[in-house]
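Chains as they are written, first to last, in the numbering used here: chain X, 1 to 119; chain A, 1001 to 1119.
C-beta: ideal position from N, C-alpha, C; glycine also.
Only a predicted model underlies this, so the values are computations on that prediction, with no experimental measurement involved.
Notes follow once the structure below has been shown.
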DNA sequence: TGTCAATATTGACGCATGTCGAAGTCGAAG
DNA sequence: CTTCGACTTCGACATGCGTCAATATTGACA
């Protein structure tokens, strides 16, 4: 990322500074991390992640995802937006189509975080 | 109840069968896992886990937790119940006091699951 | 320019959830 | 048996969230 950003996504807030272990998590940190977990904690969004990751080249077109779910197109669009906003999905528009890509680093960081909370 | 349970906690549903990797997560599985993640995806509950894990002997009394938060006692009790119901916290009553203990296995399993979704 | 197709946004609806005060339960100790 | 203290449950309130239909936007192409 060349340009300087002023705000961090939830995923980026997770990435740094690790030791959540024994000492209690600060209120501030919890408030920043919760949205990320909340984004994943939805059945539809959970199911959205793997098809994207599994697709050719690691990215999937929205149209493919629409077909794979029995939900309205706006609803899928909404969920993708949520995942994008917390930094779990990258978004790139090519022509009329929009492709999403999993930021596996962010996902891995949240997993690490989770593992660290309890031990 | 001494043994044989008919229903699994959300945490137990996560434990078995791993490969969420490339093939998409089934709707059924997603519906069972989401509540577990949803339970952790709250700032207060996130902050509740580490003090419990860090306490003497890995368990903490509700009274200790009440003092550590600026929330009403019923609210803390509610959050502990949520964490308990999804299988992340064990609950044992000794005398007048109630002690909660982190089931680190369950927490670890959800972390593993999360790591597996994106790659 | 105008039309069509792919996504996004808006607005509205109902349901879920976090919070509190008040009341209920359940041991322990007089 | 009565009282007290530690929790839990209940009822109510406000806010948040998933969903859809309708509408807007954007790019390709005739």
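- Nearest C-alpha to residue 97 of chain X among X:63, X:80 and X:111: X:63.
- Residue 54 of chain X and residue 87 of chain X have their C-alpha atoms roughly 18 Å apart.
- By the CB criterion at 8 Å, residue 1089 of chain A and residue 1033 of chain A fall outside the cutoff.
- The beta-carbon of residue 95 of chain X is placed no less than 8 Å from the nearest beta-carbon of chain A.
- Unbroken beta strand (DSSP E) stretches of 3 residues or longer found wholly inside the region 28–78 of chain X: 59–61, given in chain order.
- Cβ-Cβ distances below 6 Å link residue 92 of chain X to 99 in the same chain, with the five nearest sequence neighbours on each side left out; the list follows chain order.
- Counting every other CB atom within 10 Å of its CB across the protein chains shown gives residue 1056 of chain A a total below 16, marking it as exposed.
- Take residue 1073 of chain A, set aside five residues on each side of it, and the residues of its chain with a beta-carbon closer than 6 Å to its own are 1066, in chain order.
- Cβ neighbours of residue 60 of chain X within its own chain (closer than 7 Å, five residues either side excluded): 51, 52, 99 and 100.
- Taken atom to atom, the span from the alpha-carbon of residue 71 of chain X to that of residue 77 of chain X is near 10 Å.
- Pairing residue 80 of chain X with residue 35 of chain X, the inter-Cα distance amounts to about 15 Å.
- Residue range 1104–1117 is occupied by the alpha helix (DSSP H) that includes residue 1113 of chain A.
- The beta carbon of residue 40 of chain X lies closer than 6 Å to none in the same chain, with the five residues before and after it left out.
- In this structure, residue 1107 of chain A lies away from residue 30 of chain X, with their beta-carbon atoms at least 8 Å apart.
- Per the C-alpha coordinates, the member of X:25, X:26 and X:103 positioned closest to residue 49 of chain X is X:103.
- Going by DSSP, residue 1026 of chain A is part of no beta strand (DSSP E) at all; its letter is neither H nor E.
- Counting C-beta atoms within 10 angstroms of its own C-beta, residue 1009 of chain A has 16 or more neighbours from the protein chains shown and is therefore classed as buried.
- Proximity to residue 25 of chain X across A:1105, A:1111, A:1069 and A:1085 peaks at A:1069, based on C-alpha coordinates.
- In the DSSP assignment, residue 1096 of chain A is bridged to no other residue.
- DSSP places residue 89 of chain X within a strand segment (E or B) once states are collapsed to three.
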